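Participant: Let me give you the structure first, and then I'll get to my questions.
Numbering (mature numbering (1 follows the signal peptide of the UniProt record, and there is no 0)), first residue to last: -15 to -1, 1 to 365.
Next up, the structure:
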């Protein structure tokens, strides 16, 4: 700031010194911090320079007195883990009234369309309040007097998203935004009824029923970059309908198109029907194929898992085990939604020879005694 002032003063003095060699037809205009000051042409008075110095000082004093910053724009974790959303604030100790007001720290979560904010945590002095599903899971890190970082424990799939840190002191306030990303896997889903049978609300519930959450565009985009190719359009969390294509072909937008995430746009959440893209993350438990002497009907499969102290596994759990743990099993087994699938992480002959994937057999008649079962035992 002092260097800038010195440069301006030198420029003024130099201009005045050479005034005899130049004809100035108009006032010179200087723009500083949005304010405009007219220095009267051909002024040689030292009082003019001092007046300018005084005005510059006033501008500096009226500048920002509170600054909020996030050291990282994005932090990564996983379901069940803990994370710190970084946020620090800096005050001008020389500013009039600095330190006389209590600091108010407020954390909110931004919705996918940025039209609404969900309250998470508020703190002012000894008074603190936590909202909704964050109760008992969030607190301020408090590493220093200017630390407004928020700690979230026992992360859930719903914690994914962007958070705003707002610090208020008197009439001064500033904000910073931090994105929380979760390690996980995106998978396409449709129910027993078949493809394109879910409105938006049913799609949300379908993901929830399979130990997952409806995926965001960013999650689908990352999955596409990781090789996800799926030719059926599905709902995303922002209400849009899209699908990822890595190998362009005629039934999927045309053979001569470029790879990418195809966007169908936004549709009626109540009446329009599509598939859905779900997202799931690490689980706290054991996923396994139950060794059983015989093949099972669906009802027998459910009971067999219960007899083993577990529950029949969900679609999200088989995808998480496959993607995050490298689970590999070449035996088709029942899952909770009545589908039959098997996970292959090491492609080989007769076991998904072309690619690593969770193979989908279908939704067979639940009375067919043709398959094994995948179970999940949660850790308490």
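Where is the CB? At the ideal position from N, CA and C, for every residue including glycine. Note that the structure is predicted; figures quoted are calculated from it, not measured.
What's the C-alpha gap between residue 242 and residue 250?
Facilitator: By 1-based counting over the chain shown, the position of residue 242 is 257. By 1-based counting over the chain shown, the position of residue 250 is 265. Their Cα atoms are separated by approximately 18 Å.
Participant: I need the straight-line Cα distance from residue 145 to residue 50, nearest angstrom please.
Facilitator: Working through the chain shown from its first residue, we reach residue 145 at position 160. Working through the chain shown from its first residue, we reach residue 50 at position 65. Just so you know, the alpha carbons of residue 145 and residue 50 end up roughly 32 Å apart.
Participant: For the alpha helix (DSSP H) that residue 188 lies in, which residues bound it at each end?
Facilitator: On the chain shown, residue 188 is found 203 positions in, with the first residue counted as 1. That run of the alpha helix (DSSP H) goes 185 to 194.
Participant: For the beta strand (DSSP E) containing residue 426, list its first residue and its last residue.
Facilitator: For residue 426 there is no data in the structure shown, the boundaries of the chain being -15 and 365.
Participant: Do residue 358 and residue 304 have their C-beta atoms closer together than 7 Å?
Facilitator: Residue mapping note: residue 358 aligns to position 373 of the chain shown, counting from 1. Residue mapping note: residue 304 aligns to position 319 of the chain shown, counting from 1. Not in contact: residue 358 and residue 304 (Cβ atoms no closer than 7 Å).
Participant: What's the call for residue 352, buried or exposed, on a 16-neighbour Cβ count within 10 Å?
Facilitator: Numbered from 1 along the chain shown, position 367 holds the residue referred to as residue 352. Exposed is the call here.
Participant: Report the CB separation of residue 300 from residue 275 in whole angstroms; it is logged as a contact under 8 Å.
Facilitator: Along the chain shown, one-based indexing puts residue 300 at 315. Along the chain shown, one-based indexing puts residue 275 at 290. Contact flag wrong, Cβ pair sits at about 17 Å.
Participant: Under the DSSP definition of a beta bridge, which residues are partnered with residue 132?
Facilitator: In the chain shown, counting from the first residue as 1, residue 132 sits at position 147. Beta-bridge pairing links residue 132 to 73.
Participant: Roughly how many whole angstroms lie between the Cα atoms of residue 356 and residue 322?
Facilitator: In the chain shown, the residue the question calls residue 356 occupies position 371. In the chain shown, the residue the question calls residue 322 occupies position 337. Taking the straight line from one Cα to the other gives about 14 Å.
Participant: With DSSP collapsed to three states, give me the class of residue 348.
Facilitator: Reading the chain shown from its first residue, position 363 is the one you call residue 348. Coil at residue 348, not helix or strand.
Participant: Taking C-beta to C-beta, are residue 264 and residue 163 nearer than 7 Å?
Facilitator: Against the chain shown, residue 264 aligns to sequence position 279. Against the chain shown, residue 163 aligns to sequence position 178. Taking 7 Å as the Cβ cut-off, residue 264 and residue 163 do not qualify as a contacting pair.
Participant: What is the DSSP secondary structure of residue 28, counted as helix, strand or coil?
Facilitator: In the chain shown, residue 28 corresponds to position 43, counting from 1. Bear in mind that the predicted position of residue 28 carries a pLDDT of just 41, short of 50, making it unreliable; the figure below should be weighed with that in mind. In this structure, residue 28 counts as coil in the three-state DSSP scheme.
Participant: Residue 88 lies in the beta strand (DSSP E); which residues open and close that run?
Facilitator: Numbered from its first residue, the chain shown carries residue 88 at position 103. Following the DSSP letters along the chain, one finds residue 88 inside the beta strand (DSSP E) bounded by residues 88 to 95.
Participant: Can you give me the start and stop residues for the beta strand (DSSP E) that residue 362 sits inside?
Facilitator: For the purposes of this step, residue 362 is identified with residue 377 of the chain shown, where counting begins at 1. Its beta strand (DSSP E) spans residues 357 to 363.
Participant: From residue 116 to residue 137, what distance separates their C-alpha atoms?
Facilitator: Residue mapping note: residue 116 aligns to position 131 of the chain shown, counting from 1. Residue mapping note: residue 137 aligns to position 152 of the chain shown, counting from 1. Whole-angstrom Cα-Cα distance: 13 Å.
Participant: Whole angstroms is fine: what's the gap from residue 215's alpha carbon to residue 260's?
Facilitator: One-based indexing of the chain shown puts residue 215 at position 230. One-based indexing of the chain shown puts residue 260 at position 275. Cα to Cα, residue 215 sits roughly 11 Å from residue 260.
Participant: Which two residues bound the contiguous alpha helix (DSSP H) that contains residue 370?
Facilitator: The first residue shown for the chain is -15 and the last is 365, placing residue 370 beyond what the model contains.
Participant: Let me check understanding here. Comparing Cα to Cα, which of 63, 257, 237 lies closest to residue 165?
Facilitator: Here the question's residue 165 lines up with position 180 in the chain shown. Per the Cα distances, 63.
Participant: Just to confirm, are residue 222 and residue 129 a CB contact at a threshold of 7 Å?
Facilitator: What you label residue 222 is simply residue 237 of the chain shown in a count that begins at 1. What you label residue 129 is simply residue 144 of the chain shown in a count that begins at 1. No; because the gap between Cβ atoms is not below 7 Å, this pair is not in contact.
Participant: When DSSP labels each residue in this structure, what does residue 270 get in the three-state scheme?
Facilitator: In the chain shown, the residue the question calls residue 270 occupies position 285. Note: residue 270 maps to strand in three-state DSSP.
Participant: Comparing C-alpha positions only, which one of 226, 244, 306 sits nearest to residue 268?
Facilitator: Your numbering for residue 268 matches position 283 in the chain shown. It is 306 whose Cα lies nearest to the Cα of residue 268.
Participant: Which first and last residues belong to the beta strand (DSSP E) in which residue 158 is found?
Facilitator: In the chain shown, residue 158 corresponds to position 173, counting from 1. Its beta strand (DSSP E) spans residues 157 to 167.
Participant: Tell me the rounded alpha-carbon separation between residue 125 and residue 55.
Facilitator: Your numbering for residue 125 matches position 140 in the chain shown. Your numbering for residue 55 matches position 70 in the chain shown. Answer to the nearest angstrom: the Cα atoms are 14 Å apart.
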